[in-house]
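*Asks:*
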Amino acid sequence: MLQRIQTIFLLLVVICMSVTFFFPLWTLLAEDGSKIYELFNLKLNSYSPEDGSLNELYFPYSFVASLAAASITIAIIEITKFNNRLLQMKLGALNAMLMAATMGLSVYFATDLITSEVSNGGKYGLGLFLPAAAMICNIIANRFIRKDERLVRSVDRIR
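In the working numbering, the protein residues as written are 10 to 168.
(1) Kindly give me the distance between the Cβ atoms of Leu76 and Leu114, rounded to whole angstroms, as I take these residues to be in contact under 8 Å.
(2) How many Å lie between Asp41 and Leu122 at the Cα?
(3) When the cut-off is 8 Å and only beta carbons count, does Ser71 lie next to chain C?
(4) Taking the alpha-carbon positions, what's the Thr70 to Ile148 distance?
(5) Checking 8 Å against the spacing of the C-beta atoms, do Tyr46 and Leu37 come in under that value?
(6) Below 8 Å between beta carbons: does that hold for Leu21 and Glu87?
(7) Could you check what DSSP says for Tyr67 in three-state terms: helix, strand or coil?
(8) I need the straight-line Cα distance from Leu4 to Ser57, nearest angstrom please.
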């Protein structure tokens, strides 16, 4: 039901988590300009402008992408289960845990690269902060779902 306010917030969760795939979590231009590092949800790119080589490393970084994809899937399922508010609240709690894990792994990988790869640190990208915005939208959606459930229970009591 798209007219419910929690559906709008859940759609914002889907949008924020989907956009994280396209923005880097962390970027760095080496001090001597020899390498450019970009950490995305799915991979770490290291680009050398001198010889034009691009190295992509997928293994540990793809866990962040799989958690983000699971969060998107659960948010979509949560939107479709508008008749069962208790299940929606449970899915919202699960989604919050997945988004927290996504943020935690993203920060872990970015700080690991800061300490191991370079000395000047680089800068965090938009992709690192979008799961936090999605988590806030998820919390607001859960509040509205809880509010609807309380309203339905109070109306049942009156009958």
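Think of the CB as a built atom: it goes at the ideal place given N, C-alpha and C, for glycine as much as any other residue.
*Replies:* Short version:
(1) 7 Å
(2) 18 Å
(3) The chain labelled as chain C is not found in the depicted structure, where only one protein chain is given.
(4) Before going further, note that residue 70 is Tyr rather than Thr in the sequence given. Approximately 26 Å between the Cα atoms of the pair.
(5) Cβ distance < 8 Å, so Tyr46 and Leu37 count as in contact.
(6) no
(7) coil
(8) The chain is shown only over 10 to 168; residue 4 falls outside these bounds and no answer can be derived.
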